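Protein chains in written order, with our numbering: chain A, 1 to 228; chain B, 229 to 456. Here the structure is laid out as structure tokens; the discussion comes afterwards.
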DNA sequence: AGAGTTTTCGACTGAGAGGCTAAAACCTGT
DNA sequence: ACAGGTTTTAGCCTCTCAGTCGAAAACTCT
């Protein structure tokens with residue numbers, strides 16, 4: 001085992017998208033040892049002069065069109081000296097989100113996998129992926145992070161299915177609409193969508209009001225006293 | 229400017245404690261260039277064979293008794309290549325909490341500073357410190373993280389003052405008690421504390437039920453449907 | 001004993017999430 | 001065109017829980 005005095009540095013990303021009604025992660029099959037052939041998270045070494053954000057975007061660009069990654073945030077840093085069998089390597093994991101609908105061209109070695117049925121992943125990538133899912137689920141409660149999973153325009157039913165897939169449990173369309181409207185997270189476009197075959201009332205079309213992450217402030221408990 | 233092909237790696241910690249009714253951070257005065265004499269966060273280089281957690285604990289041990297740091301968690305990773313004027317350096321910031329009451333021996337160059345009136349800090353340490361405070365404030369809402377700021381036993385009034393200092397606004401003792409009891413975060417010891425001079429009803433003594441971080445689960449909105 | 005202090009308890013209020021039902025609006029097949 | 005089926009939408013109700021207020025409790029000091 002090579003044990004240099006300086007760790008190598010890699011960036012990784014858990015890239016999630018709702019595909020076919022399921023939360024899926026972008027994985028690629030390793031082309032070299034160790035873990036040759038095993039599925040793993042996209043990423044790679046840090047280069048001189050770049051930030052970690054730039055690094056992970058550069059590595060992701062080799063797999064997907066990075067313009068389609070609508071949100072990217074730091075997830076956690078892994079530093080166990082034995083996490084890589086041959087090299088002292090520190091990994092900075094990011095969480096990336098791709099909106100439903102876009103279907104990026106992928107290289108041969110890359111594909112989507114449902115997070116609920118992951119294959120065996122290389123290194124500690126399995127835990128990292130689950131940590132990414134948990135981060136997403138938590139933030140769905142108190143931020144507008146779903147903007148990065150949803151298409152530009154959508155009906156409440158589509159959004160309900162999206163939330164249900166990400167959260168892993170049913171969501172009520174009625175309640176979802178009320179909560180998100182009350183918080184000012186989504187707004188109506190004024191348009192309606194024609195019903196599919198089989199009929200049904202035409203659904204109103206909505207959009208997210210913001211294209212970046214915002215935290216619902218009124219969310220905290222133990223608030224400051226009302227200033228009367 | 230030295231621009232090696234591999235970044236150096238340091239760990240830093242924002243160590244917070246409520247002292248004299250104010251949220252304060254542990255800082256030390258740099259003894260070498262750059263930023264000679266400027267206040268900065270404790271930390272230092274990563275050594276071969278250790279994790280980042282071990283590294284920051286080792287560096288903290290040079291400043292305080294690390295057994296007194298009741299909670300330590302990853303905060304963020306700073307990777308701007310220009311954040312250090314001479315070296316390519318990646319910094320992993322941690323958030324550490326010390327309970328009220330303990331008063332560790334400190335070296336000559338080290339002291340506590342109120343976060344609301346920080347001096348000019350070296351590098352990007354000012355922003356990191358404020359990020360630590362925001363993390364603490366957020367987590368006070370939906371976790372039991374206050375266990376790491378509070379002494380083993382306390383009255384509700386003492387806990388109210390502690391929350392008020394950390395949050396930066398008044399907190400109602402009545403409400404605080406109800407919320408924390410209902411969530412099962414604190415429990416009564418059955419004892420009461422003798423009133424000080426001036427009188428007053430003796431206060432009931434409480435303790436936190438858990439000594440590690442726990443998340444209030446019922447906190448999420450868009451919960452799973454009730455299973456009837 | 002009375003005045004002053006601090007803690008504690010109970011009741012009230014209001015906001016907001018979750019649930020249910022009925023109505024609205026559309027399609028398809030006869 | 002009408003009946004029956006489907007999906008969306010709106011209204012109403014309930015329940016939980018945070019926040020507020022006031023009064024009672026329990027103690028000290030003079």
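Note that the Cβ used here is the ideal one computed from N, Cα and C, for glycine as well. Predicted model, so just to flag it, every value in this text is computed and none were measured.
Burial state of residue i, where buried means 16 or more other Cβ atoms lie within 10 Å
i: residue 92/A; result: buried
i: residue 334/B; result: exposed
i: residue 120/A; result: exposed
i: residue 187/A; result: exposed
i: residue 25/A; result: buried
i: residue 210/A; result: exposed
i: residue 422/B; result: exposed
i: residue 440/B; result: exposed
i: residue 324/B; result: buried
i: residue 229/B; result: The predicted position of residue 229/B is uncertain, since its pLDDT is 43 and thus under 50; a value taken from the coordinates is nonetheless stated next. Result: exposed.
i: residue 9/A; result: buried
i: residue 388/B; result: buried
i: residue 233/B; result: exposed
i: residue 20/A; result: exposed
i: residue 98/A; result: buried
i: residue 453/B; result: exposed
i: residue 52/A; result: buried
i: residue 34/A; result: exposed
i: residue 12/A; result: buried
i: residue 185/A; result: buried
i: residue 64/A; result: buried
i: residue 36/A; result: exposed
Helix, strand or coil at residue i according to DSSP, with G and I counted as helix
i: residue 19/A; result: strand
i: residue 304/B; result: strand
i: residue 372/B; result: coil
i: residue 218/A; result: helix
i: residue 182/A; result: helix
i: residue 161/A; result: helix
i: residue 394/B; result: helix
i: residue 353/B; result: helix
i: residue 283/B; result: helix
i: residue 91/A; result: strand
i: residue 238/B; result: strand
i: residue 294/B; result: helix
i: residue 134/A; result: helix
i: residue 223/A; result: coil
i: residue 401/B; result: helix
i: residue 255/B; result: strand
i: residue 205/A; result: strand
i: residue 97/A; result: strand
i: residue 116/A; result: helix
i: residue 438/B; result: coil
i: residue 5/A; result: coil
Whole-angstrom C-beta distance between residue j and residue i, which should lie under 8 Å
i: residue 150/A; j: residue 100/A; result: 6 Å
i: residue 270/B; j: residue 243/B; result: 7 Å
i: residue 337/B; j: residue 257/B; result: 5 Å
i: residue 156/A; j: residue 138/A; result: So it is not a contact: roughly 22 Å between Cβ atoms.
i: residue 38/A; j: residue 122/A; result: 4 Å
i: residue 221/A; j: residue 343/B; result: Not really, about 22 Å apart at Cβ, beyond 8 Å.
i: residue 111/A; j: residue 27/A; result: 7 Å
i: residue 154/A; j: residue 206/A; result: 6 Å
Under 9 Å, CB to CB, which of the residues in the stretch 382-409 of chain B have a partner in chain A? 391, 395, 396, 397, 398, 399, 400, 403, 404 and 407
Is it true that the stretch 125-142 of chain A meets the stretch 55-63 of chain A, where meeting means three or more beta-carbon pairs spaced less than 8 Å apart? no
If contact means a Cβ-Cβ distance below 7 Å, which residues of the stretch 63-82 of chain A contact chain B? 74, 76, 77, 79, 80 and 81
Does the contact criterion of 3 or more C-beta pairs under 8 Å hold for the stretch 387-401 of chain B versus the stretch 345-359 of chain B? no
Looking at chain B, which residues of the stretch 84-114 of chain A have a Cβ within less than 9 Å of any of its Cβ atoms? 88, 90 and 92
Of all the residues that make up the stretch 251-277 of chain B, which are near chain A by a beta-carbon distance shorter than 9 Å? 274, 275, 276 and 277
Residues of the stretch 357-380 of chain B with a CB closer than 9 Å to any CB of chain A: list them in chain order, please. Answer set for the stretch 357-380 of chain B: 365, 366, 368, 369 and 370.
Which residues of the stretch 435-451 of chain B have a Cβ closer than 7 Å to any Cβ of chain A? Give them in chain order. 448, 449 and 450
At least three beta-carbon pairs within less than 8 Å, the stretch 273-280 of chain B to the stretch 70-81 of chain A: yes
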